[in-house]
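Numbering follows my numbering, with no gaps: position 94 of the sequence shown is 464. What follows is a set of notes on a single structure, which appears directly below.
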Amino acid sequence: MNILNIENGWLLEQKQVISPHFDPRPFNDDISLLVIHYISLPPDEFGGDFIDRFFQGKLDPTEHPYFEEIKDLKVSAHCLINRQGKITQYVNFNDMAWHAGVSCFDGREKCNQFSIGIELEGSNNQPFTQAQYQTLAQLTQVIMQTYPKITPERIVGHCDIAPERKIDPGQYFDWKYYQYLLSQI
Ligand SMILES: [Zn+2]
């Protein structure tokens, strides 16, 4: 994959699908946490454009029983990395995506305000792909360069900031391998 660049909060030359699910960040110069998630729609199925449509608020509830359950949720993330390692960006990094929900990191609540959220297309039932780890490491690197308050100890899973509610990125996410790749860049 080519070197990633961020300009004015957007990745250059990567797929963009604009989500309406965002707010301006309430505080300037506050981006200081990276949150890793997984998502698949329908659950445990990969491919298709259901995640794009979900983050746009355009999921058709008649297409799958699960979509009926989630159709009124208004959520987003800054980026998705699909099974092939391709990135889609939905929300400008300088804005607040709606990925963390009720959450707390190091005593501070409302993690959406000060975090960037990355979704990996995946589930708690199968490993992530090599292409996803490679892309995630490169994306993490450019995010840390652009937002230097995100330090290695401020990269967490959704499970770490909402432990009562969330398990993602789940048992198959290999934190040690991710850290190894980051150290190699
Ligand atoms: Zn999550």
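Think of the CB as a built atom: it goes at the ideal place given N, C-alpha and C, for glycine as much as any other residue.
I409 CB to nearest heavy atom of ligand 1 below 8 angstroms: yes
Of the listed residues F498, F420, D393, D419, nearest to Y408 (C-alpha basis): Sorting F498, F420, D393, D419 by C-alpha distance to the C-alpha of Y408 places F498 at the top.
Assign V472 to buried or exposed, taking buried as 16 or more other Cβ atoms, counted over all protein chains shown, within 10 Å of its Cβ. Around the Cβ of V472, a 10 Å sphere holds fewer than 16 other Cβ atoms; the residue is exposed.
Can you tell me which of the three DSSP states R478 falls into? strand
Is the beta carbon of D538 sitting closer than 9 angstroms to the one on H528? A contact, by the Cβ cut-off of 9 angstroms.
Alpha carbon of L404 to alpha carbon of T521, nearest angstrom: 9 angstroms
Would you call K536 buried or exposed, if buried means 16 or more other Cβ atoms sit within 10 Å of its Cβ? buried
In the DSSP assignment, the beta strand (DSSP E) including V445 goes from what residue to what residue? Taken as a continuous stretch (DSSP letters only), V445 belongs to no beta strand (DSSP E), as it is neither H nor E.
For Y408, the first and last residue of its enclosing beta strand (DSSP E): 403-409
Where the beta strand (DSSP E) containing A532 begins and where it ends: Neither: A532 is in no beta strand (DSSP E) and is coded neither H nor E.
Verify the contact flag: H391, CB atom, against every heavy atom of ligand 1, threshold strictly below 8 angstroms. no
At what residues does the beta strand (DSSP E) containing S485 begin and finish? That run of the beta strand (DSSP E) goes 485-491.
By how many angstroms is the C-alpha of I486 removed from the C-alpha of E377? 15 angstroms
Buried versus exposed call for F424 [16 or more other C-beta atoms within 10 Å across all chains shown]: buried
With H, G and I counted as helix, E and B as strand and the rest as coil, what does DSSP make of D393? strand
Just reading off the beta strand (DSSP E) that D422 is part of, what are its end residues? Here D422 belongs to no beta strand (DSSP E); instead the alpha helix (DSSP H) covers 420-426.
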